[in-house]
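Below is one structure, written out as structure tokens; comments come after it.
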Amino acid sequence: MDGMAGSWTRDTQWRQGHVLTMDAIRAMGLLHSDEPDSTCVVIISHDCDLANDDLQIEPNVEIIVGRHLPKGDGNYYWAKAPRTLHVEAQKNGIATVVELVATDKRSIPKQALAAFTPDTTHSFDGKSLSVLRSWLEIRYNRAAFPDTFVNRLIQSKVKQHLAKIVEPVGKLLSAIYFDVDGGNEIDHSDGSPYVLKIVLAYPPGDDPERTADEVDKVEAAITNLFAEKHFDQAAGIWKGIALMGCMSISEDDLTVSKARLLTQWRLEYMTLKADDYQVGAAG
């Protein structure tokens, strides 16, 4: 029975992606600091670690104190941002969005969690679990772009505006890939532009044609943004960063070999504090 002392065994019911009941949340003091009534605490420990009943070696379970949201933010779907994830779930059979923030990760003793069972009113489907796992991996496996490249994006405000372009349709995009200088390390201390190619990947979904049309609009907006911020019309040259192409591609058509040549660009939280930038607007 929930709340009664228990012991942790290899046959534990707990798995990665399971959610704690409100009784367990209150008993362990895990209410969300901003919205306690919307709290959603998710198990993020790997199943192998959960199955380890040697509490001298693996005494704790890692969780994130998240919350339910009325709607998600496109910039945070599909593990695009390493610090914050918005992921779809089911609560009492109704679709909901759960927000998980990396800095809200906690550890709780297995012995304490053993007194409770998972909340059966909550569930993540296979796709959402896959996104959650990808996001957790990203925290420890983030590719670093050259500082000078990133600084040029920030100084021109492209980095900030890019988030605003993607946000309305971010749920449709599973990844944004950057190919910088063809993967080669090139010294640009002389001010020469980085050569950039962008690939927008998207799952075809239930209506592939509509999805492709929406992503095409983002492709055009990004192309216009780079032209506006980095192309000198008078001189006819690129400055800072030369966008040589921005293309969208269905996940069905993106081969593993091609994906390995690309590096995923992830939207950081700070980009959302930028001035509004609307598709087709000057700024």
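Using the working numbering, you'd call the opening residue of the sequence shown number 734 and step up by one each time.
For each residue, glycine too, the CB sits at the ideal point set by N, CA and C.
Element boundaries [beta strand (DSSP E), containing residue i]
i: lysine 824; result: 817-824
i: glycine 859; result: No beta strand (DSSP E) holds glycine 859; the alpha helix (DSSP H) holding it covers 859-871.
i: alanine 908; result: 908-913
i: isoleucine 841; result: 838-842
i: leucine 833; result: 827-834
Environment of residue i [buried if 16+ CB atoms lie within 10 Å]
i: tyrosine 927; result: buried
i: serine 778; result: buried
i: glutamine 749; result: buried
i: serine 907; result: buried
i: threonine 854; result: exposed
i: arginine 943; result: exposed
i: glutamate 984; result: exposed
i: alanine 822; result: buried
i: glycine 969; result: exposed
i: asparagine 825; result: exposed
i: leucine 976; result: buried
i: glutamate 919; result: Sequence inspection shows isoleucine at residue 919; the glutamate mentioned does not correspond to that position. By the neighbour-count rule (16 or more Cβ atoms within 10 Å), isoleucine 919 is not buried but exposed.
i: lysine 860; result: exposed
i: alanine 814; result: buried
i: glutamate 768; result: exposed
Residue span of the alpha helix (DSSP H) that contains residue i, given as start and end
i: aspartate 782; result: 780-784
i: isoleucine 887; result: 880-888
i: isoleucine 898; result: 891-899
Rounded distance between the beta-carbons of residue j and residue i, thought under 8 Å
i: tryptophan 998; j: isoleucine 898; result: Rounded, the Cβ-Cβ distance is 13 Å, inconsistent with contact.
i: leucine 764; j: phenylalanine 849; result: Actually they do not touch by this definition, with Cβ atoms about 15 Å apart.
i: alanine 835; j: arginine 816; result: 5 Å
i: valine 774; j: alanine 812; result: So it is not a contact: roughly 20 Å between Cβ atoms.
i: glycine 978; j: glycine 903; result: The pair is not a contact, with the Cβ atoms about 21 Å apart (cut-off 8 Å).
i: tryptophan 868; j: leucine 929; result: About 25 Å separates the two Cβ atoms, so there is no contact after all.
i: aspartate 786; j: arginine 743; result: 5 Å
Close-in-space but distant-in-sequence residues of the same chain around residue i (CB under 7 Å, 5 per side omitted)
i: aspartate 782; result: Glu791
i: glycine 973; result: Arg885, Ser889, Pro926 and His963
i: isoleucine 841; result: Met761, Asn793, Val794 and Ile796
i: leucine 987; result: Ala934
Residues of its chain near residue i, where Cβ-Cβ distance is below 6 Å and the 5 sequence neighbours each way are ignored
i: histidine 751; result: Ile776 and Pro851
8 Å CB neighbourhood of residue i in its chain, flanking five on each side removed
i: isoleucine 871; result: Ala812, Pro815 and Arg999
List in chain order: all unbroken beta strand (DSSP E) runs of 3+ residues lying wholly within the stretch 750-804. 772-776 and 793-802
Quick check for students: name the residue ranges of the beta strand (DSSP E) that lie wholly in the stretch 921-971, counting only runs of 3 or more. Within the stretch 921-971, the complete beta strand (DSSP E) runs of at least 3 residues are 927-935.
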